[in-house]
Amino acid sequence: MSTTAVPDVAVAPVDEGFWTRTRKVGLVLLALGLLATVLFGALATGEQARFTLSEDAAGAALEVNGTVGAIVFGLITLAAGAAMLAGLPKRWFVPALAVGLVAFVLSFLCWQVSAAPTGQNFMPLVNIVRGTFLLALPLIFGSLAGVLCERSGVVNVAIEGQLLMGAFSGALFGSISGSVWVGLVAAAVGGSFISLLLAVFSIRYLVDQVVMGIVLNLLALGITGFLYERLMQTDAARYNSAPRFGNWEIPLLSDIPVLGPALFRGNIFLYLALVLVLVIHIALFRTRWGLRTRSVGEHPTAADTLGVKVLGLRYRNVILAGAVAGIGGASYTLALFSFTKNMIGGKGFIALAALIFGRWSPTGALLAALFFGFADQLATYLGAINSIIPGQFLAMLPYLATILAVAGLVGRVRAPAADGKPYIKG
């Protein structure tokens with residue numbers, strides 16, 4: 007058998023020109039730093055901005071003069087932008103971006119806290135961190151469900167329906183049985199039911215996955231709304247009074263300043279969300295199952311050739327994703343509220359945005375969900391201190407960040423190659 011030598015072909019490097027991604031982001035940070043230094047510095051007052059390490063104004067606090075803090079943090083943002091504009095090495099891109107954005111937020115907070123009415127010029131960091139995680143919980147579970155589906159090659163637009171069905175099932179069966187654990191299992195089954203329909207129609211019958219996801223969201227909304235009116239609304243004591251999970255305090259860890267009371271005095275859903283992020287990340291990138299899942303999401307034909315059962319793996323992962331999202335829905339009805347019609351209120355679509363912003367990875371999805379949760383919590387805090395910034399403006403910021411991420415401003419964002427593409431075994 008003869009072999010043919012293939013001559014080496016020199017590939018010319020791609021000329022990115024002067025305006026590389028790093029320099030574009032640096033220009034944005036420069037603009038933000040200028041805004042923070044000039045505008046925030048001018049609007050801030052000379053009052054001390056207090057960031058308390060507790061749940062109220064009492065106790066230890068980090069204090070900074072409002073005007074000085076707004077200007078200094080604005081200058082840090084300017085410095086980070088200038089460094090990136092000057093051509094910072096790629097390995098320093100993420101740290102410089104993080105420093106610039108955090109400094110910009112701190113400059114904004116120095117303005118807002120110092121300008122708050124007398125007696126309200128403090129920010130309780132424990133409440134902010136706790137509220138951030140609490141608001142992010144359904145987003146974390148929903149985005150993890152998206153990771154499991156889309157890494158397997160199935161677009162999951164039905165996260166909203168999975169969360170809603172999980173919330174409803176948890177409330178209904180938890181109320182009937184009087185057990186939170188029965189409610190939790192029922193929530194996982196409810197979310198899996200929506201996922202099963204998504205899997206069957208998308209994988210078996212090759213229905214458009216995006217359209218199918220929207221239809222399933224409407225189906226979940228209709229079923230839960232109908233049963234709510236017929237059962238829960240007529241007899242709430244029997245069908246909509248599920249017991250609630252209490253908070254579990256972890257000794258020693260709960261004594262850590264700020265993070266301890268916020269993270270280690272929470273309910274089961276908080277701990278479960280953090281554990282699932284770790285477990286799914288390790289499983290996805292360190293196990294044979296993860297390798298097969300990623301190969302099915304990138305190149306199912308090649309995976310099939312190597313003996314991977316593409317369709318079976320997709321079925322299992324999509325149904326598992328529904329169970330995860332269903333548990334996320336139960337974080338409402340088994341920990342916080344009674345069930346109401348359409349109580350998820352679009353969180354499933356926000357989770358989908360967090361999935362994209364987090365680059366289809368569990369840890370990225372967690373950070374993106376926390377970003378969304380922080381924006382919501384910050385809007386609540388600013389409303390409490392009568393800020394001149396409209397809450398609607400803050401609510402739109404995470405979506406703007408998602409658009410910028412998808413557009414490639416903060417790096418290349420690419421879905422798995424086979425995401426949304428049906429696989430027909432030859």
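So for the sequence shown, the numbering used here puts the first residue at 7; every next one is plus one.
C-beta: ideal position from N, C-alpha, C; glycine also.
Beta-carbon separation (whole angstroms), residue i vs residue j, contact threshold 8 Å
i, j, result
"V314", "V302", "6 Å"
"A89", "A102", "6 Å"
"T138", "L373", "Actually they are not in contact, since the Cβ atoms of T138 and L373 sit about 12 Å apart, beyond 8 Å."
"G87", "L33", "7 Å"
"S113", "A42", "4 Å"
"A424", "E304", "6 Å"
"L170", "L227", "7 Å"
"F459", "A173", "It is not possible to answer for residue 459, since the shown part of the chain is limited to 7 through 432."
"S208", "V160", "6 Å"
"A341", "F275", "6 Å"
"I146", "A279", "5 Å"
Between the CA atoms of residue j and residue i - distance to the nearest angstrom
i, j, result
"R210", "S201", "13 Å"
"T386", "L131", "14 Å"
"V206", "N162", "13 Å"
"F270", "A67", "21 Å"
"Y405", "F99", "22 Å"
"L81", "G52", "18 Å"
"T10", "A308", "Residue confidence for T10 is low, a pLDDT of 42 falling below 50, so the modelled location carries little weight and cannot support an answer."
"P249", "Y338", "12 Å"
"R56", "L384", "16 Å"
"L59", "G266", "11 Å"
"T26", "L35", "14 Å"
"G426", "A122", "49 Å"
"T83", "V108", "8 Å"
"D261", "V74", "32 Å"
"G334", "L222", "17 Å"
"I394", "G39", "21 Å"
"W295", "I288", "10 Å"
"P428", "F378", "32 Å"
"R322", "A360", "23 Å"
"G354", "G328", "12 Å"
"P396", "L388", "9 Å"
Candidates the options: closest to residue i by CA position
i, options, result
"A194", "V221, I220, I165 and A92", "I165"
"P422", "T299, F251, V70 and F46", "T299"
"G106", "A85, P123 and R97", "A85"
"F79", "G47, A381 and K96", "G47"
"R157", "A375, S60 and L326", "L326"
"G125", "I394, I395 and A390", "A390"
"V283", "G197, I394, L169 and P144", "P144"
"G167", "G197, G189, R27 and W295", "G197"
"G148", "N273, E304, A50 and W366", "W366"
"A381", "Q398, A371 and V188", "Q398"
"L154", "L388, A371, I409 and F378", "A371"
"N127", "W187, G72 and N223", "G72"
"L190", "I395, F251 and L212", "F251"
"M129", "T28, F343, D214 and E69", "E69"
"T28", "V330, A242 and A92", "A92"
"D62", "I274, V264, V188 and I288", "V264"
"F343", "N246, L358 and H287", "N246"
"Y277", "A142, P95 and F199", "A142"
"L358", "I220, V213 and A50", "I220"
"I409", "G364, N392, P396 and L212", "G364"
"L400", "V111, V213, F199 and F291", "V111"
Environment of residue i [buried if 16+ CB atoms lie within 10 Å]
i, result
"V285", "exposed"
"T293", "exposed"
"V31", "buried"
"M218", "buried"
"M402", "exposed"
"R420", "exposed"
"W117", "buried"
"I134", "buried"
"I430", "exposed"
"L312", "exposed"
"R320", "buried"
"A37", "exposed"
"L224", "exposed"
"L259", "exposed"
"G65", "exposed"
"P306", "buried"
"P368", "buried"
"G318", "exposed"
"L273", "Per the sequence presented here, residue 273 reads as Asn, with Leu not at that position. N273 comes out buried."
Does the contact criterion of 3 or more C-beta pairs under 8 Å hold for the stretch 249–264 versus the stretch 221–232?
With contact defined as three or more Cβ pairs closer than 8 Å, the stretch 249–264 and the stretch 221–232 are not in contact.
Within 8 Å, do at least three Cβ pairs link the stretch 176–185 to the stretch 235–248?
The stretch 235–248, when compared against the stretch 176–185, does touch it at the 8 Å Cβ threshold.
Counting beta carbon pairs with one atom in the stretch 182–196 and one in the stretch 345–353, are three or more of them shorter than 8 Å?
They do not touch, by the three-pair rule.
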